[in-house]
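Working notes, structure below.
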Amino acid sequence: MTDTTAAAPLLELRGVTAAADEKTILHGIDLAVTAGETHVLMGPNGAGKSTMGHVIMGDPTYTVQSGSISFDGRDITELTPDKRSRAGLFLSFQAPVEIPGVPLSSFLRAEIAGRPGLEMKGKEFRRRVKELAGQLDMDTAYLNRELGVGFSGGEKKKVEMLQLLLLQPKLAILDETDSGLDVDALGVVSRGIDAYKKATDGTLVIITHNTRILEHLHVDRVHVMVAGRIVKEGGADLIPWIDEHGFESFEQVAGHGAAADPQAVAASQGE
Amino acid sequence: MGETKKLTNVNAMPAPTWSWLKMNAAEVEVPAGLAPARDAVSVEPAPGSENVVTGNVEAFDTEMVAASKRYAARSRAAAPGDAAERAKLAAGELDTMDVPALSAYQRGAVRAEEELSAAEAFLTGCGREAYAYLRGLSGKPSVIDVPGGVRAAVTVRVDGRPGAAAAASLDVVVRANATLDLTLALDGAADPDAVAGVVGFAARVFAARGARVNVASVQTADDAFLVIDDMGVFADEGARVEVSHTVLGAGRSYTGLAADLRGDASRIDVDTSYLGAREQLHDFNYQIRHLGKRTVSNMDANGVLTGTSSKILRGTIDLMHGAKGAEGAERETVLLANDGVENKTVPVILCDEDDVAGNHGATIGHVRPEQLFYLGSRGLSEAQAEALFVSAKLEDAALSAPDERIRASVVRLGEAIVPDFEEELA
């Protein structure tokens, strides 16, 4: 098991309880992610995984009722999303929004404007973006199209990966980036993740149902979330176990409020 | 300094709505003490099109008189409240109680259909007062007369100056099966604290049988200017007219277009693109009269409003008596990027004929919270998101600018908002 107490974590949630429309969705979440690590957040539908990603990014839909979020040595609990982004956080959306009237290229330029080390002049910017598009098998014609408008699910996800590579954040949360993709698009997303890790030695929190995308990634830590609580944490060996057993046993445990560890129980039963 | 001039009934809707909505028409205050600047106007035929710019000031009126004779026979079938009944009423053969009362619009429509000749019924979008003011500024109109079957291209520029009033006026005749590409550049560069100026354009367009007329108007004046862009179109049988209005600048702009689709199967397509920023006001009036059978009109507007800008767009499709098989459609999409903007849209479809189709739709959208969060998650504050909508509109206009000078004017507007705007353009 990795000792996460040695270095100060890059991202740390302490007892975060968050609500939307006065309905509490996250209950006392503790999470610590050390720089350079890859964490996986798994759990059944409706467990609150996406909500956690959004809360970390500062989505005003949610209110943090208690607890704190710190990133890169500062408390970001009260920061607006744009400031979190500029501090080095990134959230890849499960369902990226469409912004009619705004060409993708204009949007990408606005993203990097004013970021030290990333801001580029027109020509350099175009070269860089075309290079990234090529890396992701993305037709450069998309750059002149309105953001997300008429893009397929796979294309939207490619655009998310392109931004990940362009912005090179310190920590990226990938929210179901692999969902609803065909094998080709899945390959492109995997390549994007590899390229990000290679280029920046970045830190990842991957929210997924699908363990396939994790196959050739070195996973440091797995967190299982059920009903707004993290009910299990472990190493990469948890992934094949979940692949085989699913989340049902965790849900039962969460449902009963018991402290028993289904993986341990299953192991003691000789499974 | 002279007195401030006031133009009334500008961009008036043909069928008024509640007056308290303050949408029926605009009142335009023209700054006082402006010097006339006729040298600010240039009419530039493209190479090979030199001979279409003529001195024949009678051309338009002659064609309209001829059209009036051709279309005189088309009288309205007997209907309650028509001219025949009103004649009987005047002669005392009928009692007022026997004749239905007509609204102001209906009286006008009946007059246009039964009493006025095509020439007399001819309108421009901004209305008579604004048109007369612009003609007064411009002096003798320039005349573009495209001979039958010929294709020609002309660019008209009005380059406004602070403290001056400049307007171009045009009479245009595009003869049978001829094509005219008319580009209109309404510009004026001035510091934000400069004295006011006026930039204007007034045109009457006659599109003969089978003619094609493509008008692309791009307005890029700085905020010190008042801009009035006024046009009226008459379309004969099978004529096809395309108008695009790109309105990006001016502290106050009034854009008006009236079209008389009198010839069967004539058609007009209008494409409006606007950007409202700061405290700008953009006022549009479109009035399409369908008189011919199987006539078609399409109006598409697409805009972005930011800051505390305001916009009003009146679009009237009038499917008049006799326009069997006619179809009119209007659509608008507007993005409200700031809570401080004021947006008014009045689509009107008037119908006095069976077997016609009129459609309208409007999509008026505030930037949704999830869009703002998405932009925020990529590092854009709300102010930066708003600036993105503005620069995107200007980039689009720069990329589709009809010529280099217009592109340069768009870039000038862009540079005032986005640093390195030009360099960022592909």
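Chains as they are written, first to last, in the working numbering: chain A, 1 to 271; chain B, 1001 to 1426.
Cβ coordinates follow ideal geometry from the N, Cα and C atoms, glycine included.
Under the three-state DSSP convention, the category residue i falls into
i, result
"LEU1094(B)", "coil"
"PRO1014(B)", "coil"
"ILE29(A)", "strand"
"ASP194(A)", "helix"
"ALA1207(B)", "strand"
"ALA258(A)", "Confidence at ALA258(A) is low in this model, with a pLDDT of 48, below 50, so the placement of that residue should be treated as unreliable; the coordinate-derived value is given next. It is coil, neither helix nor strand."
"HIS209(A)", "coil"
"PRO240(A)", "helix"
"SER1019(B)", "helix"
"LEU1380(B)", "coil"
"GLY1108(B)", "helix"
"ARG86(A)", "helix"
"ALA35(A)", "coil"
"ARG1175(B)", "coil"
"VAL222(A)", "strand"
"ILE76(A)", "coil"
"ASP1420(B)", "coil"
"THR2(A)", "Note on THR2(A): pLDDT 47, under 50, position unreliable in the model; the coordinate value appears next. Reduced to three states, the DSSP call for THR2(A) is coil."
"PHE1225(B)", "strand"
"HIS216(A)", "coil"
Within 8 Å, strictly: CB atoms of residue i and residue j
i, j, result
"PHE1234(B)", "ALA1250(B)", "no"
"ALA1167(B)", "LEU1134(B)", "yes"
"VAL1341(B)", "THR1306(B)", "yes"
"ASP1187(B)", "GLY1160(B)", "yes"
"ALA1032(B)", "VAL1010(B)", "no"
"LEU166(A)", "LEU104(A)", "no"
"ASP175(A)", "LEU91(A)", "yes"
"ALA95(A)", "TYR62(A)", "no"
"GLU1115(B)", "LEU1007(B)", "no"
"GLY1125(B)", "ALA1258(B)", "yes"
"LYS1393(B)", "LEU1261(B)", "no"
"VAL205(A)", "LYS158(A)", "no"
"VAL1110(B)", "VAL1146(B)", "no"
"LYS1140(B)", "VAL1057(B)", "yes"
"ARG1407(B)", "ALA1416(B)", "no"
Residues sharing a beta bridge with residue i, DSSP
i, result
"ASN144(A)", "DSSP, once it has assigned bridges, lists no residue as partnering ASN144(A)."
"ILE112(A)", "Looking at the DSSP assignment, ILE112(A) forms no beta bridge with any residue, so it has no partner."
"ARG1314(B)", "ASN1285(B) and VAL1346(B)"
"MET1231(B)", "ALA1203(B) and LEU1257(B)"
"CYS1351(B)", "LEU1319(B)"
"VAL1213(B)", "LEU1180(B) and VAL1241(B)"
"TYR1274(B)", "VAL1247(B) and GLY1303(B)"
"GLU1327(B)", "VAL1296(B) and ALA1357(B)"
"LEU11(A)", "VAL33(A) and PHE71(A)"
"THR1363(B)", "THR1333(B)"
"VAL1154(B)", "PRO1045(B) and LEU1182(B)"
"LEU41(A)", "ILE207(A) and HIS223(A)"
Spatial neighbours of residue i in its chain, beta-carbon cut-off 6 Å, leaving aside the 5 residues before and after
i, result
"ARG1331(B)", "ASP1300 and GLY1361"
"HIS223(A)", "LEU41, ILE230 and GLU233"
"HIS39(A)", "VAL33, VAL205 and ARG221"
"ALA1121(B)", "ALA1112"
"SER1310(B)", "LEU1281 and GLU1342"
"THR177(A)", "SER92, LYS157 and VAL189"
"MET138(A)", "LYS158"
"ALA1216(B)", "THR1183, SER1244 and PRO1402"
Whole-Å CB distance - residue i paired with residue j, under 8 Å assumed
i, j, result
"VAL1199(B)", "VAL1227(B)", "5 Å"
"HIS1282(B)", "GLU1113(B)", "The Cβ separation is near 32 Å, so there is no contact."
"VAL1099(B)", "GLY1127(B)", "Between GLY1127(B) and VAL1099(B) the Cβ distance is about 29 Å, and since that is not below 8 Å, they are no contact."
"GLY1292(B)", "ALA1323(B)", "6 Å"
"GLY148(A)", "ILE99(A)", "6 Å"
"SER1273(B)", "GLY1303(B)", "7 Å"
"PHE247(A)", "GLY43(A)", "6 Å"
"SER1377(B)", "SER85(A)", "6 Å"
"LEU1123(B)", "PHE107(A)", "Not really, about 43 Å apart at Cβ, beyond 8 Å."
"TYR1286(B)", "ARG1252(B)", "The Cβ separation is near 18 Å, so there is no contact."
"VAL1346(B)", "THR1062(B)", "VAL1346(B) to THR1062(B), Cβ: 36 Å. No contact."
Other residues of its chain near residue i: CB distance less than 8 Å, five sequence neighbours each side excluded
i, result
"ALA199(A)", "LEU165 and GLN168"
"ARG128(A)", "MET120 and LEU166"
"PHE93(A)", "GLU160 and ASP175"
"ARG1107(B)", "none"
Residues near residue i by beta carbon distance below 7 Å, same chain, minus five either side
i, result
"VAL1411(B)", "ALA1398, PHE1421 and GLU1422"
"GLY88(A)", "ASP72, PRO169, LYS170 and LEU171"
Distance cut-off 7 Å: residue i Cβ against heavy atoms of the ligand SAH
i, result
"ASN45(A)", "Looking for the ligand SAH in the displayed structure turns up nothing, as the structure carries no ligands at all."
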